[in-house]
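2 protein chains.
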Amino acid sequence: MRNAALAYAESQRDAFLTQLFDFLRIPSVSTQPAHRPDIERAARWLADHMRAIGLTRAEVLPTTGHPVVYGEWLEAGPQAETILIYGHYDVQPPDPLDQWLSPPFEPQVRDDNLYARGAADDKGQLFIHLKAVESYLKGAGRLPVNVKFILEGEEESGSGGLEAFVRAERDRLQATAILVSDSPMPSPQQPALLYALRGLTYMEVTVQGPDHDLHSGSYGGAVRNPAEALCGVLARLKDEEGHITIPGFYDRVRPLEAEEREALARLPFTEARFLQETGVPAPWGEAGYTVLEQITARPTLEINGLVSGYTGPGSKTIIPATAAAKVSMRLVPDQDPEEIARLFTEHVARLMPPQVRATIETRHTAWPVLIDRHAPAMEAAARALEAVFGAPPVYTREGGTIPIVATFQRQLGAPVVLMGFGLPDDNLHAPNEKFHLPNFYRGIAASIHFLAEMGALRTG
Amino acid sequence: MRNAALAYAESQRDAFLTQLFDFLRIPSVSTQPAHRPDIERAARWLADHMRAIGLTRAEVLPTTGHPVVYGEWLEAGPQAETILIYGHYDVQPPDPLDQWLSPPFEPQVRDDNLYARGAADDKGQLFIHLKAVESYLKGAGRLPVNVKFILEGEEESGSGGLEAFVRAERDRLQATAILVSDSPMPSPQQPALLYALRGLTYMEVTVQGPDHDLHSGSYGGAVRNPAEALCGVLARLKDEEGHITIPGFYDRVRPLEAEEREALARLPFTEARFLQETGVPAPWGEAGYTVLEQITARPTLEINGLVSGYTGPGSKTIIPATAAAKVSMRLVPDQDPEEIARLFTEHVARLMPPQVRATIETRHTAWPVLIDRHAPAMEAAARALEAVFGAPPVYTREGGTIPIVATFQRQLGAPVVLMGFGLPDDNLHAPNEKFHLPNFYRGIAASIHFLAEMGALRTG
């Protein structure tokens, strides 16, 4: 069965790529209301595609937010393993548009890479598993396990709809393992299994100064400038050594163990590549931790956006009426994202000068995650990756957030296998996002092997 | 002659207003390249209008920037006084558009006020003098003095073109007094003569962090965020007492004399009205000075605009590639705007963290101004204002900047009479800019009286 699936996949390389192009052309940006019709188009496209590859059920299901696409093939029977495969069909906004070398929603292959918004995050990666399942159903007539797909449309805006859906549909989603590909591997030769994800608390701070923009000549000198007030507060959220100054912020952070720091230090990470990927002259972060620890195993606070007053060409001499910042914090076990939102809110309110009025809102939150590296499904995934890449996976922590993973863990009680096929230089959330095409094809093979290994857990 | 002119002006009230509406409909925004054709349209409209009211010469003259409109009537002869009248036909950008109660370029009268961008700053005020001159030429057949108009199109972006023009055309512009209306009076009952203006140094700071926006999950914690770096620097430009911390900033500031502080304290300024005009819960400024001193007689530093990263609806989890701020400083005698630009640049460069790259540019500069309150032209203006308003003018300092006034003083060696008809609540540079219509008509009468008083200086 495994070999028939692998042969089918090999014969369909061009067709698989053409289909992925069609999927990437849909600008399913979940954070912008104007793209709501594109989100719905992407969901319908996926359900149609699931039916075409032979799933026995495929539907677009409403949630409190964007729809979930659910599909299943359960004919391996109740005694077989059931794998729930998760992905997200929504993408980040493409701005700034002028920095893309080819348009974000017109996929283009250059060298070995496929360029498009969503190529790696996460349309290309979720498509891997659809193609692996197709390869079994069309190449061998059946699958070695039961399969359920759950593909959401608002991962980039907090997975609110799916969170509620998972809680409400625990029975339908019951599985023995959960498979997620939405993360990178260190290099094209080195597969990885992720065992930790950072959580997120995303805040928005709006400062109101005067009730309208004021002439800075007529009023300048006697009005607290809201941009100045906001900068003053934001500047005080970290100290000179990069420590976050919010009281209580670090209280629940689990210290890194010596053994784990050693394993992280052995990963193929080089500062030279970090500087090349980012274009910064030097790294800068929390004192006492390596760069890799800073970006995966320590909590952070970043300003994601900032706006006040006149930002167009030329000049305008005003005291702005308002200033606003988007600020997000990445969290590590065992920080509680709601508690962090409260600590941030209290601290910012305390620092804000009394001559302005501030509104502090929580935009969304996600729990951090830790996964048992020795669960049978994790070991099956390790065998599958080694079969395809010729090397055993390294175990990594990821700085990013997949909000729903914590919910799967808590609600479904099954191990979550985080088997990603992205690369560190994929330009996620940035212009010129790409997906390394050899990883697309190897990912399909690895998914075929994983399903076979999971099937063998019961029969073998 | 004076009475004939006054009678003519009285008979033409409706026609004058209709003409002003036509002028205000032209969106002559000088700071935005897209409005260049509107600037040129406004200039041609003014030259045509000058010919229609009887000036013997009227032309649109090119400068290094936007054109100057020059007009003259010199038939009072070489022995008579010559008054050079200045105004600017460009306006500020109208943003934010959604806060206007009527569209900015569709003038509307509500109660006693005319609402439109440029109504007070400065189209409505320069139009006063065109109507005074028309009243003499059409009502009496001649003027008691020679008159020259010089109307510029880039006051709101630094008067660069006019500055060069005045230097190059000193002979043509020679005058015994210069008349400017581009400032407010304290109330509709209380006329004013301005004797001091603040100068300006307008800077733009751009901070480059990574060379593209980065995923804040994958890189957050080890990259110096340019928005954070910029906020950190901006937050350190003032201390907790509102003093500007740039070394050397105050070195050339002329201290306020006790007599002047007493005169300022007698002006009809109330904090209650200040709070009402601005909508702030409390004033805030440099410790040791009254609000009126802070906004007119002390130098300031204000953030005019701030932008970084994602500022649209929803959220985006990035470390921005860049952050930028527009920062302007109002200056008082004897601060040198170019020197202040240098001190600002050095200080900001010194504060900027080494993990980001900053560009610091001077956008424009203007000298502060002081005028002799006892010059004959100032005394003629005082008599004209008292004749119309029934009260002698108060002598005020203005927090705003009219960049060209310093150049007139230096290049033409004539006293500059700053006789303004705006009001403190005109919403200059803000939504719902207005001009108090009774001031428009009284301004015309005052201008007629001033020209008569100036004529009487030689003959009387």
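Chains as they are written, first to last, in my numbering: chain A, 19 to 478; chain B, 19 to 478. All C-beta atoms in this analysis are idealised placements derived from N, C-alpha and C, irrespective of residue type, glycine included.
Asked, Found
"Test: residue 233 (chain A) CB closer than 9 angstroms to a CB of chain B", "yes"
"Nearest-angstrom Cβ-Cβ length linking residue 20 (chain A) and residue 467 (chain A), presumed shorter than 8 angstroms", "7 angstroms"
"Residue 217 (chain B) versus B:271, B:172 and B:309, residue with shortest Cα-Cα distance", "B:271"
"Inter-stretch contact (C-beta, 8 angstroms, three-pair minimum) for the stretch 178-191 of chain B and the stretch 250-270 of chain A", "no"
"Closer than 8 angstroms at the beta carbon, the chain A residues around residue 117 (chain B)", "230"
"Assigned secondary structure, residue 152 (chain A) (DSSP; H/G/I helix, E/B strand, else coil)", "helix"
"Sub-9 angstroms separation of residue 87 (chain A) and residue 115 (chain A) beta-carbons", "no"
"Backbone CA spacing between residue 66 (chain A) and residue 311 (chain A) [nearest angstrom]", "43 angstroms"
"In DSSP terms, what residue 41 (chain A) is bridged to", "None; residue 41 (chain A) has no bridge partner."
"Chain A within 9 angstroms of residue 322 (chain B), Cβ atoms only", "yes"
"Chain-ordered chain A contacts of residue 300 (chain B) [CB-CB under 9 angstroms]", "242, 372 and 373"
"Simplified DSSP state of residue 188 (chain A), which is helix, strand or coil", "helix"
"N-terminal and C-terminal residue of the alpha helix (DSSP H) that residue 422 (chain B) is part of", "421-430"
"Nearest to residue 366 (chain A) (by Cα), restricted to the options A:264, A:91 and A:150", "A:264"
"Within-9 angstroms CB hit, residue 342 (chain A) to chain B", "yes"
"Reduced DSSP category for residue 343 (chain A) - H, G, I as helix; E, B as strand; rest coil", "strand"
"6 angstroms Cβ shell around residue 105 (chain A) - same chain, five flanking residues per side excluded", "140, 144 and 169"
"Residue-chain proximity (residue 85 (chain B), chain A), Cβ-Cβ < 9 angstroms", "no"
"Partners in chain B for residue 346 (chain A), counting only beta-carbon separations shorter than 7 angstroms", "234 and 335"
"Exposure label - residue 135 (chain A); buried when at least 16 CB within 10 Å", "buried"
"Cβ of residue 246 (chain A) within 9 angstroms of any chain B Cβ", "yes"
"Where residue 304 (chain A) meets chain B, residues with beta-carbon distance less than 8 angstroms", "239"
"Minimum Cβ-Cβ distance from residue 207 (chain B) to chain A less than 9 angstroms", "no"
"Which of helix, strand or coil DSSP assigns to residue 169 (chain B)", "strand"
"Three-way DSSP call (helix, strand, coil) for residue 313 (chain A) in this model", "helix"
"Partners in chain B for residue 327 (chain A), counting only beta-carbon separations shorter than 8 angstroms", "321, 322, 323, 324 and 344"
"CB-CB length for residue 475 (chain A) against residue 398 (chain A), believed under 8 angstroms", "7 angstroms"
"Integer-rounded CB distance, given that residue 201 (chain A) should sit under 8 angstroms from residue 417 (chain A)", "With 8 angstroms as the limit, residue 417 (chain A) and residue 201 (chain A) do not qualify as a contact, their Cβ atoms being about 10 angstroms apart."
"Opening and closing residue of the alpha helix (DSSP H) in which residue 67 (chain A) lies", "54-71"
"The stretch 392-411 of chain A contacting the stretch 351-370 of chain A, beta-carbon criterion three pairs below 8 angstroms", "no"
"Backbone CA spacing between residue 98 (chain B) and residue 196 (chain B) [nearest angstrom]", "15 angstroms"
"Closer than 8 angstroms: residue 68 (chain B) CB and nearest the ligand HEM heavy atom", "In terms of ligand content, the structure shown is empty, and the ligand HEM therefore cannot be addressed."
"Any C-beta of chain B under 9 angstroms from that of residue 448 (chain A)", "yes"
"Span of the alpha helix (DSSP H), counted from its first residue to its last, around residue 252 (chain A)", "244-253"
"Selection from B:209, B:339, B:275 and B:351 that minimises the alpha carbon distance to residue 248 (chain B)", "B:339"
"Endpoints, beta strand (DSSP E) assigned at residue 453 (chain B)", "452-454"
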